[in-house]
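Protein chains in written order, with the numbering used here: chain A, 450 to 873; chain B, 3 to 569. Every residue, glycine too, gets a C-beta built ideally from N, C-alpha and C.
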């Protein structure tokens, strides 16, 4: 394993605690982790969230929880990982080398074998509709006064599957709805219409401000600053529209993230997180392999595996992983039973979710399934518990309450709780 | 009106004395009365969903009659635009911008809009509307569009249970789906499943080539288990606080009028859906009258006496308990007459207060109703107000009138002229005999072109599907849209007949400033504002620059908080 970027000098003296640990992993053969680009800052960096959503439902058996040799196991082997004694599917060779930095839960029982419900429930930590999904919730709960950039951005390719766009923000309202980036196109209206003269735009802005100053006098201020703020935010987004511009990333980064959708989307995700957006979701499609499951997983895993490791590596290097929680989940897993078409079907009873980064214990595999993968054997995990865990890892009190419009609502399902052994 | 009732003070006077009593207790001095400009804009927005034209605003401001406010209220209530506006408000309230999972299994927007508009134009009482909405299976000969409430929710029983509770009874029992609500002793899982039992036998029945109806079965027990206590329960249909219905035991073999089959829509002999429609919209039903009284109050005062609107329970008492009781009793005594209720609300001093704080005072708590609230315009009010301020509504109706070659066409919203046309307007609304088609219908059809012109504007400001309209929450996409969208530019063009064209034809800056401010903000400009207009205009050297300056002035005011808010 040579260092991926031999041109980058590594200075051990400046590495963080985490990268020292990772440096040890480097000695085992994985390198290029210890290159902090983090700017010195007095303020603790904001916690951030990156959700990699494997839409359609990735097979746990071809990824994190292989059962080679079992009648449900399929044709692939398992491989050793950087964690002694832990093996994962051979379709994830790169991930295997960083298992010591991942946190994998093999005992998820969400019991929802359905795309629509699963998309909502796995992201909101609830079955009952109307609650904000993880990205919206975390955007709200991580918000700081004076934030100008949107709190939550969702990146995916255009086209398939309405169920990926189920309402995000719920009762948190439109402010916490994801800004949607389709096919890496920037959001609409970041530039004035070409026909508009700058002088006109200037006068519009002057007239608006003067009118607002006059109107504000003698009135209760409550809604006025929030309205003004949206114009300030608009100005900031227009000025900083390059945060959505992937052309600003180096050709080398394009290459190592991959030119395919997922690679490009992850590169944009990193760019946005680096720019200060607090939550980003990248959706990776086409895991719904009712036919030819094994072929499809070869294709999907190849994209996913390499890009994931590049991304985590990059986040680590930039000093971002310390304050960024990366969650890798789909809406469900896939059946242990292999159907007549060589496919695996929808499945929620015993499957896997992975995490990395801030707040979770690296190098941990939690829970297990039985020999054929049909049931959870140890430490069953409910979707509500996962949601609590994500929030807690982000430094959020998951037993807290939203107080919105005179209404009190628990941030996470009160019948569930964080999974303590997973938390760093 | 009976003699006994005539002796009672009018509702608007009771509102004022009860609100005043609370203000005294709180030691709060209320704001003074709104000035005419505040009032004319607010009342147009609240009763017709759109700001007044400059002509209407000017006429009202210059009217010296002491009773002009009452006259304007009555004129606006009598106009077809009142029905159109209330239909939009209730559409958003009842549908919450949902679309069904399979979008074609729905009542068309046009049919639903017509259904609601007709109901408000004809003053159909609220209990009657609710009876129809909850009773509809979409197969009625008359008004099948009422089934929309069920269809947009996919006829999904949990979704229906929650929304029947929220929207018609003011109780959000969502948490009680899985367990007794730990927060409030009066939200029980058994209440949730009591409503659920009414709706759980229904499902969507698609109709070719498009649309759907509601099918229902004759059997199905309603059981539930608490996730906290694992306690199990079983229930028949029951409304919160009411008695459990004893479903009649169906005679063997006679359970169905139409037996459900692969193609046949099941129609049971005994329908729990019809039971719901019969049982719920009654004065005896806990929360029914209070809910609608509280919802309409919130529509005009920016906040419910019980707030949030679907949180009527013991731990969340009304800010003015006696007042809410009085409003609910009025509803019952006046057979759920919504228009009459709205009239009383708007006649009150509490409604007609200024949004300017009394000198030296800090902002009072919202639930004191001491000062007129600053409310965001709804997406619908904003769309129509943009069209009005830019002159597009007048322009469109002038074109239609010209096409119809009528000599002296009545213009949209003209009833706001406070002098004579009041009776004419009342006639058009009440007596469709004046034409082959009622006024509201003509208006709905004619408005379609204006809706197309402003479609993206509505989309940019519409709330999230499935969420109640909440507090004013502006978002950055909207500011970006209003600043940068090319789709907005056609509204800001100076075509003949628009506000910009009218302003462009004026040479003196003082009258021009007045026309601009009346058109956009329904008031006359201050000297400072007139000064700003004339200074900007004096800076423009060429006719092209002058046009750009006028466009900037109009655009800038349209982006102002004063325009964005109902104040």
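For residue 296 (chain B), not one C-beta of chain A is nearer than 8 Å to its own C-beta. For residue 473 (chain B), at least one C-beta of chain A is nearer than 8 Å to its own C-beta. With respect to the 8 Å criterion, residue 598 (chain A) and residue 724 (chain A) are classified as neighbours on the basis of their beta carbons. Pairing residue 191 (chain B) with residue 200 (chain B), the inter-Cα distance amounts to about 15 Å. Per DSSP, the continuous alpha helix (DSSP H) segment holding residue 763 (chain A) begins and ends at 742–766. Collapsing the DSSP output to three states places residue 536 (chain A) in a strand.
Put simply, the segment 330–342 of chain B touches the segment 118–127 of chain B. At least three CB pairs are less than 8 Å apart. Under the Cβ criterion of 8 Å, residue 122 (chain B) is not counted among the residues facing chain A. Beta-bridge annotation (DSSP): residue 204 (chain B) is paired with B:218. Contact between the segment 465–485 of chain B and the segment 498–516 of chain B is absent: fewer than three C-beta pairs spanning the two stretches fall below 8 Å. Using beta-carbon distances, residue 555 (chain B) counts as an interface residue toward chain A, with a partner under 8 Å.
In the same chain as residue 538 (chain B), and ignoring 5 residues on each side of it, the C-beta atoms closer than 7 Å to its own belong to 551 and 555, in chain order. For residue 277 (chain B), the enclosing alpha helix (DSSP H) covers residues 274–281. When 8 Å is used as the limit between beta carbons, residue 313 (chain B) is near these residues of chain A: 855 and 856, in chain order.
Taking residue 553 (chain A) as reference, the option from A:515, A:647 and A:604 with the minimal CA-CA separation is A:515.
In the DSSP assignment, residue 805 (chain A) falls outside any alpha helix (DSSP H) and lies within the beta strand (DSSP E) extending over 800–806.
Proximity of residue 486 (chain B) to chain A, defined by a Cβ-Cβ separation below 8 Å, is satisfied. A straight-line Cα-Cα distance of about 25 Å links residue 642 (chain A) and residue 521 (chain B). Secondary structure at residue 180 (chain B): coil, using DSSP grouped into helix, strand and coil. Annotation for residue 166 (chain B): the continuous alpha helix (DSSP H) segment containing it runs 159–166. By the beta-carbon neighbour count (other beta carbons within 10 angstroms, threshold 16), residue 104 (chain B) is exposed.
If you ignore the 5 residues before and after residue 812 (chain A), its C-beta comes within less than 6 Å of the C-beta of 532 and 549, all in its own chain and listed in chain order. Neighbours of residue 235 (chain B) across chain A, judged by C-beta separation under 8 Å, do not exist; the nearest C-beta is about 18 Å away. For residue 285 (chain B), there is no enclosing alpha helix (DSSP H), as DSSP marks it with neither H nor E.
A distance below 7 Å between beta-carbons, with the five flanking residues on each side excluded, links residue 219 (chain B) to the following residues of its chain, in chain order: 203, 262, 268 and 270. The beta carbon of residue 859 (chain A) sits closer than 7 Å to those of 850, all from its chain and outside the five residues before and after it, given in chain order. Non-local beta-carbon contacts of residue 334 (chain B) in its own chain, meaning distances under 7 Å to residues more than five positions away in sequence, involve 285 and 291 in chain order. The beta carbons of residue 98 (chain B) and residue 468 (chain B) sit closer together than 8 Å. With respect to chain A, the C-beta atom of residue 477 (chain B) has a partner C-beta closer than 8 Å. Taking the beta carbon of residue 365 (chain B) as reference, the chain A residues within 9 Å of it are 668, 669, 670 and 671, listed in sequence order. The DSSP-derived three-state label of residue 407 (chain B) is coil. As DSSP reads the structure, residue 529 (chain A) sits in a beta bridge with A:536.
Here residue 103 (chain B) carries a coil assignment [DSSP, helix/strand/coil]. Residues of the same chain with a CB within less than 8 Å of the CB of residue 60 (chain B), apart from the 5 flanking positions on each side, are 520 in chain order.
For residue 743 (chain A), not one C-beta of chain B is nearer than 8 Å to its own C-beta.
Residues of the segment 686–712 of chain A whose Cβ lies closer than 7 Å to any Cβ of chain B, in chain order: 686.
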